[in-house]
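Residue numbers (the numbering used here): 245 to 549.
Structure record follows, encoded as structure tokens.
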Amino acid sequence: MSVDEAVPVTPRRRPGGDPVKALLHRHRELCERAVDPLEIAAGLEAHGITDRTAGRFRHRDVFSLAEELYARTPRGEAPPGPPAGSPADPRALRRFGCALLPGALALGAAAAGVPWAGPAAVLATVAALVWPGRSTGGRFPGLAHLLSAAAVGWAAYRFGTALAVALALSVAPGHLVAAAFAARARRRLAGSRALEDFAAGARPLLVGAVTVFGASAAGAAALTGAPLTQAVPLAVLLFLTRLLLTHGARGAHRRPAAAALALALGVALAPAAVSAAAAGLLVHAVFALSRASAHARPGESSRGA
């Protein structure tokens with residue numbers, strides 16, 4: 245018997261027979277936890293899969309690829325609960341009620357002339373306007389709170405309690421605008437058929453949200469007598485930090501917010517530092533928050549990071 249006859253040769257398996265099956269196995273946890281194909285599309289983008297990459301899996305774009313992955317994923321029969329922040333979510337009304345508290349507390353303390361009105365407004369503003377970003381986890385949210393408290397506290401020390409009260413009053417409209425932006429971005433994601441299409445529609449949504457919030461912050465500043473040139477940029481900076489912490493899961497999205505908050509502390513040396521920090525963070529947010537992965541439900545994008 246020859247050597248060739250004694251040792252059978254196993255034919256080598258050809259790769260690429262079912263590329264979608266291999267992708268499904270690689271991202272099984274994402275696909276099993278997703279409540280709709282959009283969650284999978286956002287998670288795939290977070291992994292670096294683009295519309296061009298989807299062509300290797302015999303699909304025209306990431307959305308159609310996500311639809312196949314969703315259809316081929318076994319899942320339980322229990323229907324998913326209502327999305328967080330939707331009208332069916334019982335927590336939405338409670339969160340809005342909590343967003344009203346900082347302004348009421350700061351305005352009441354300032355009207356009563358209590359000595360701790362300024363510090364109370366600073367703490368309430370930072371806790372309420374930045375704290376919703378805790379969902380991303382990691383070390384940065386704690387650093388964001390420290391930098392935000394330092395920036396707001398220093399600005400209130402330089403420009404008076406009225407500035408801190410104005411920022412506290414902007415918490416409630418900030419909550420509403422952030423929720424509206426998230427909801428409209430999700431609807432835009434549902435109506436998009438390509439990542440580029442979603443990005444083109446998400447950018448004006450963000451600019452519009454920042455404009456509306458800036459107008460509300462200006463109204464709060466006018467009501468309390470705070471300087472508009474300091475109150476509005478600082479409020480916008482905190483609002484953008486909130487959005488990036490809530491939607492941005494990657495470290496690259498967090499570091500610019502930390503740098504902008506640190507730059508805002510330079511207001512003692514250059515009064516325009518806060519405006520420059522807010523403008524720079526807005527430019528970053530326009531690109532970071534126009535990604536589909538930034539609008540996955542809490543937890544999905546962080547697993548893809």
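For glycine and all other residues, C-beta sits at the position ideal for the given N, C-alpha and C.
- prompt: Taking DSSP as the reference, what is the three-state secondary structure of HIS539?
  reply: Residue mapping note: residue 539 aligns to position 295 of the sequence shown, counting from 1. Looking at HIS539 - three-state DSSP - the assignment turns out to be helix.
query: Whole-angstrom Cβ separation of VAL421 and VAL396, contact assumed at under 8 Å?
result: Reading the sequence shown from its first residue, position 177 is the one you call residue 421. Reading the sequence shown from its first residue, position 152 is the one you call residue 396. With 8 Å as the limit, VAL421 and VAL396 do not qualify as a contact, their Cβ atoms being about 19 Å apart.
Every unbroken alpha helix (DSSP H) within the stretch 458-513, with a cutoff of 4 residues, ordered by chain: 472-491, 495-508
message: Under DSSP, the alpha helix (DSSP H) around PHE531 begins and ends at which residues?
response: Numbered from its first residue, the sequence shown carries residue 531 at position 287. 517-532 is the span of the alpha helix (DSSP H), which, as asked, contains PHE531.
- request: Look up ALA423 in the DSSP assignment and say whether it is helix, strand or coil.
  value: For this step, residue 423 is matched to residue 179 along the sequence shown. Helix.
Coarse secondary structure for SER436, derived from DSSP in three states: Position 192 of the sequence shown, counting from 1, holds the residue named residue 436. Residue state, collapsed to three classes: coil.
- prompt: Where are the beta strand (DSSP E) runs, 3 residues long or more, that stay fully inside the stretch 281-325, in chain order?
  reply: none
message: Distance check for ARG447 and VAL530, CA to CA, integer angstroms please.
response: The residue labelled residue 530 in the question sits at position 286 within the sequence shown. The residue labelled residue 447 in the question sits at position 203 within the sequence shown. So the two alpha carbons sit approximately 6 Å from each other.
- prompt: Whose C-beta lies closer than 6 Å to the C-beta of SER393 among residues of the same chain, with five residues either side of it excluded?
  reply: For this step, residue 393 is matched to residue 149 along the sequence shown. Checking the sequence shown, residue 393 turns out to be Ala, not Ser. Only VAL370 meet the Cβ criterion.
Inter-stretch contact (C-beta, 8 Å, three-pair minimum) for the stretch 463-478 and the stretch 429-442: no
field: Three-way DSSP call (helix, strand, coil) for TRP360 in this model
entry: Taking the sequence shown and counting its residues from 1, the one referred to as residue 360 is at position 116. Coil at TRP360, not helix or strand.
Cα-Cα separation between HIS269 and LEU488, rounded to whole angstroms: Stepping through the sequence shown from its first residue, residue 269 is reached at position 25. Stepping through the sequence shown from its first residue, residue 488 is reached at position 244. Each residue's Cα considered, the two are about 30 Å apart.
task: State the start and end residues of the unbroken alpha helix (DSSP H) segment that holds VAL409.
output: Locating residue 409 in the sequence shown gives position 165, where the first residue counts as 1. Run containing VAL409: 405-413, per the alpha helix (DSSP H) assignment.
field: Contact check, ALA399 vs GLN474, beta carbons under 8 Å
entry: Residue numbering aside, residue 399 sits at position 155 when the sequence shown is read from its first letter. Residue numbering aside, residue 474 sits at position 230 when the sequence shown is read from its first letter. For ALA399 and GLN474, yes; Cβs fall inside 8 Å.
task: Alpha carbon to alpha carbon, how far is ARG300 from ALA204? Give it in angstroms, no decimals.
output: Outside the modelled stretch of the chain, which goes from 245 to 549, sits residue 204, for which no answer is possible.
message: With H, G and I counted as helix, E and B as strand and the rest as coil, what does DSSP make of ALA429?
response: Within the sequence shown, the letter at position 185 stands for residue 429. Helix, per DSSP.
Among GLY386, ARG431, ALA364, nearest to ALA406 - alpha-carbon criterion: What you label residue 406 is simply residue 162 of the sequence shown in a count that begins at 1. Checking every option, the nearest Cα to that of ALA406 belongs to ALA364.
- request: Determine the direct distance from the alpha carbon of LEU449 to that of ASP262, and round the result to whole angstroms.
  value: In the sequence shown, counting from the first residue as 1, residue 262 sits at position 18. In the sequence shown, counting from the first residue as 1, residue 449 sits at position 205. Answer to the nearest angstrom: the Cα atoms are 38 Å apart.
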